[in-house]
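Here the protein sequences come in this chain order: A and U. If you read the first sequence in numbering that gives the first Met the number 0, its first letter stands for residue 0, the second for the next number, and so on. If you read the second sequence in numbering that gives the first Met the number 0, its first letter stands for residue 0, the second for the next number, and so on. Glycine included, each C-beta is placed from N, C-alpha and C at the ideal position. Treat the numbers as computed from the prediction; the structure is a model and nothing was measured.
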Amino acid sequence: MQPIIEVQNLSKTYQSGFQALKNVDLSIRKGEIFALLGPNGAGKTTLISIICGIVNPSAGKVRADGYDIVKDYRRARQLIGLVPQELAVNIFETVWSTVTFSRGLFGKAPNRPYLEQLLKDLSLWDKKDSKIMALSGGMKRRVLIAKALAYEPKILFLDEPTAGVDVELRRDMWEMIRQLRDNGVTIILTTHYIEEAEDMADRVGVIQRGELILVEDKHDLMEKLGKKQLSLQLVEPIEQIPSALSAYSLSLSEDGMQLTYQYDHQSDQAAIARLLRSLSDEGLDYRDLHTSQSSLEDIFVSLVEEKV
Amino acid sequence: MNGHAIRAIYLFELARAWRTLMQSIASPVLSTSLYFVVFGAAIGSRMVAIDGVSYGAYIVPGLIMLTVLNESTSNAAFGIYMPKFTGTMYEILSAPVSSLEIVIGFVGAAATKSVILGLIILLTARIFVDYSIEHPFWMLGFLVFTCVSFSLFGFIIGVMAESFEQLQVVPMMIITPLAFLGGSFYSIQMLPPLWQTITLFNPVVYLVSGFRWSFYGVSDVGVGISLTMIVVFMLVCLGIVTWLFKTGYKIKP
Numbered sequence: 000m001q002p003i004i005e006v007q008n009l010s011k012t013y014q015s016g017f018q019a020l021k022n023v024d025l026s027i028r029k030g031e032i033f034a035l036l037g038p039n040g041a042g043k044t045t046l047i048s049i050i051c052g053i054v055n056p057s058a059g060k061v062r063a064d065g066y067d068i069v070k071d072y073r074r075a076r077q078l079i080g081l082v083p084q085e086l087a088v089n090i091f092e093t094v095w096s097t098v099t100f101s102r103g104l105f106g107k108a109p110n111r112p113y114l115e116q117l118l119k120d121l122s123l124w125d126k127k128d129s130k131i132m133a134l135s136g137g138m139k140r141r142v143l144i145a146k147a148l149a150y151e152p153k154i155l156f157l158d159e160p161t162a163g164v165d166v167e168l169r170r171d172m173w174e175m176i177r178q179l180r181d182n183g184v185t186i187i188l189t190t191h192y193i194e195e196a197e198d199m200a201d202r203v204g205v206i207q208r209g210e211l212i213l214v215e216d217k218h219d220l221m222e223k224l225g226k227k228q229l230s231l232q233l234v235e236p237i238e239q240i241p242s243a244l245s246a247y248s249l250s251l252s253e254d255g256m257q258l259t260y261q262y263d264h265q266s267d268q269a270a271i272a273r274l275l276r277s278l279s280d281e282g283l284d285y286r287d288l289h290t291s292q293s294s295l296e297d298i299f300v301s302l303v304e305e306k307v
Numbered sequence: 000m001n002g003h004a005i006r007a008i009y010l011f012e013l014a015r016a017w018r019t020l021m022q023s024i025a026s027p028v029l030s031t032s033l034y035f036v037v038f039g040a041a042i043g044s045r046m047v048a049i050d051g052v053s054y055g056a057y058i059v060p061g062l063i064m065l066t067v068l069n070e071s072t073s074n075a076a077f078g079i080y081m082p083k084f085t086g087t088m089y090e091i092l093s094a095p096v097s098s099l100e101i102v103i104g105f106v107g108a109a110a111t112k113s114v115i116l117g118l119i120i121l122l123t124a125r126i127f128v129d130y131s132i133e134h135p136f137w138m139l140g141f142l143v144f145t146c147v148s149f150s151l152f153g154f155i156i157g158v159m160a161e162s163f164e165q166l167q168v169v170p171m172m173i174i175t176p177l178a179f180l181g182g183s184f185y186s187i188q189m190l191p192p193l194w195q196t197i198t199l200f201n202p203v204v205y206l207v208s209g210f211r212w213s214f215y216g217v218s219d220v221g222v223g224i225s226l227t228m229i230v231v232f233m234l235v236c237l238g239i240v241t242w243l244f245k246t247g248y249k250i251k252p
């Protein structure tokens with residue numbers, strides 16, 4: 000499938016000499032939700048800003064739906080919407096005038112019914128004549144989303160869309176993002192809430208110190224790098240792990256009451272059954288057991304720490 | 000050409016003037032009217048006519064120029080500085096608009112406001128002094144050219160400014176003194192020869208002189224020279240704006 004965003008060998012060095020991006024290559028598939036993760040200052044916002052035309056690249060090429068963002072900037076930018084990280088909005092304007100402005104700025108003819116529906120979907124319709132300064136932080140964030148959607152983009156960049164937003168509104172936004180994807184909009188989001196990426200993203204990219212260190216399907220990533228764990232609560236404490244169980248990757252808690260077995264998707268599927276039989280053979284009884292698996296956040300942290 | 004974008008920027012900027020009507024229109028009209036009252040109606044009656052024109056009428060073109068130069072510069076500078084200050088510049092930079100379209104939107108709106116302001120002051124002056132307009136077409140032409148040129152100049156200041164103070168410095172510290180010393184209140188021929196020569200280096204002299212010619216048919220310098228100077232100034236400003244957008248200086252990191 001032809002990617003909707005193609006980033007080739009993209010680099011950015013600011014005048015201060017700081018190299019924010021180093022030879023980044025990235026393809027975004029049409030209709031997917033792509034989560035770009037990375038610690039502060041990793042280069043996420045620089046990458047987005049270059050694709051959107053806000054920052055000049057030092058080297059490399061970017062295409063949006065086949066259009067070069069420099070040579071064919073008009074066609075490329077008409078496709079792209081951006082919800083910035085900062086609450087950058089003219090507070091003296093009304094909600095209606097600011098979304099009308101955004102639609103016109105991106106070359107779209109006025110369309111009142113569309114904008115009316117958009118504001119209703121974002122629960123902003125009753126505030127359409129309010130000045131933005133009178134709105135809460137969460138509402139201002141929604142105004143920014145309304146501005147980006149006012150010109151019906153095919154690609155939407157969301158730079159920390161739920162930063163500073165309460166839990167309920169965050170869930171609403173996730174739902175809205177899914178609806179946009181269902182309507183054919185390609186979504187690229189950066190977030191600090193790994194839970195957000197885990198919940199929504201189809202694919203995940205991890206950027207660190209200006210380098211894209213990983214791009215992977217979310218489920219594949221969690222399978223490949225995710226660890227699983229089986230914990231067994233023993234009936235009686237033991238002092239050490241019996242030698243008959245040394246073939247298993249086991250650890251014993253300090254109080255001798257819990258055995259922990261770590262495995263991953265590549266481990267022998269029958270290993271757990273064998274382990275439980277071996278425990279029985281050794282006369283070790285357990286009163287409870289449970290399994291857990293690492294979250295995307297655990298994987299992200301281990302990836303970043305590994306690189307450091 | 001992205002006509003919708005030009006329209007959006009233009010209307011947005013005009014709406015800002017409407018929101019700040021007292022500051023944008025009422026305040027400059029009132030302060031200029033005070034000049035007409037003091038120098039036109041009160042002191043003007045005691046002054047001798049210049050080039051056959053009563054003093055009160057003589058200063059009308061100069062005072063309109065004084066106001067529109069300041070307002071054109073301030074309006075355009077503030078218009079482009081505000082998105083930089085509030086961070087909303089991201090939207091303009093990420094939009095499918097060319098630098099020319101951005102300039103047309105911002106400068107067009109600033110110039111429109113100044114032309115309207117100039118015409119309001121012209122009408123207001125009629126209350127206090129009696130004047131005539133010998134070449135109305137040229138009067139409008141000089142007014143529009145001047146407003147566009149100085150709006151371009153203001154746009155450059157707005158792009159380069161890094162604080163609100165810097166926005167105010169050029170109008171207050173440069174344009175106002177140049178306008179006062181550029182023959183707004185007198186004919187430069189009333190000055191000693193050395194000062195006449197020095198004054199010719201003041202670009203505002205050519206604007207005021209040409210504008211006054213359109214009213215009364217009298218001027219300190221030739222009309223052709225005045226027009227040439229305005230066009231040269233406009234081209235220099237356009238050149239600087241083009242360079243700013245091409246290099247991204249103070250616009251794009």
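Asked	Found
Within-8 Å CB hit, U:A94 to chain A	yes
Residue burial classification, U:G2 (beta-carbon count within 10 angstroms, cutoff 16)	exposed
7 Å Cβ shell around U:V106 - same chain, five flanking residues per side excluded	A75, V147, S150, L151 and F154
Nearest candidate by alpha-carbon position, reference A:P241, set A:G204, A:V205, A:I50 and A:D280	A:D280
Cα-Cα separation between U:L139 and A:R73, rounded to whole angstroms	36 Å
Interfacial residues, the segment 128-153 of chain A to chain U, with Cβ spacing under 8 Å	K146
A:G40 to A:G209 span [Cα, whole Å]	8 Å
Neighbourhood of U:M73 by C-beta, 7 Å cutoff - its chain only, sequence neighbours within 5 removed	According to the sequence provided, residue 73 of chain U is Ser. The question's Met does not apply to it. Same-chain partners within the cutoff: G153 and P170.
For A:E215, the first and last residue of its enclosing beta strand (DSSP E)	E210 to D216
Continuous alpha helix (DSSP H) stretch holding A:R111: start and end	R111 to D120
Alpha-carbon spacing of A:I187 relative to U:T111, whole angstroms	41 Å
U:F244: first and last residue of the uninterrupted beta strand (DSSP E) it sits in	Where U:F244 is concerned, there is no enclosing beta strand (DSSP E), although the alpha helix (DSSP H) it sits in stretches over V222 to T246.
U:I8: contacting residues in chain A (beta-carbon distance under 9 Å)	F100, G103 and L104
A:T259 (DSSP reduced to helix, strand or coil)	strand
Beta-carbon proximity list for U:W212, same chain, < 6 Å, skipping 5 on both sides	S218 and V222
Rounded straight-line distance, which links the Cα of A:K130 to that of U:V67	30 Å
Segment contact, 8 Å Cβ cut-off, at least three pairs: the segment 74-83 of chain A with the segment 9-21 of chain A	no
Whole beta strand (DSSP E) elements within the segment 140-198 of chain A, 3-residue minimum	154-158 and 185-189
Exposure of A:K43, with buried meaning 16 or more beta-carbon neighbours within 10 Å	buried
Member of A:L249, A:L86, A:A270 and A:N22 whose CA lies at the smallest distance from the CA of A:V61	A:N22
Partner residues on chain U for A:Y113, Cβ-Cβ distance less than 9 Å	Ordered by position in chain U, no residue passes the 9 Å Cβ test against A:Y113, which lies about 14 Å from the chain.
Interface residues of the segment 37-63 of chain A facing chain U [CB-CB below 7 Å]	C51, G52, I53, V54 and N55
Three CB pairs or more closer than 8 Å across the segment 29-41 of chain U and the segment 185-203 of chain U	no
Length of the line joining the Cα atoms of U:L4 and U:A25	Residue 4 of chain U is actually Ala in this sequence, not Leu. One C-alpha to the other measures close to 29 Å.
Those runs of the alpha helix (DSSP H) which lie wholly inside the segment 74-133 of chain U and span at least 4 residues	88-92 and 98-127
Contact with chain U by A:S96, beta-carbon distance below 8 Å	yes
Test item: CB-CB of U:T123 and U:S53 under 8 Å	no
Boundaries (first-last residue) of the alpha helix (DSSP H) holding A:D287	No alpha helix (DSSP H) holds A:D287; the beta strand (DSSP E) holding it covers Y285 to Q292.
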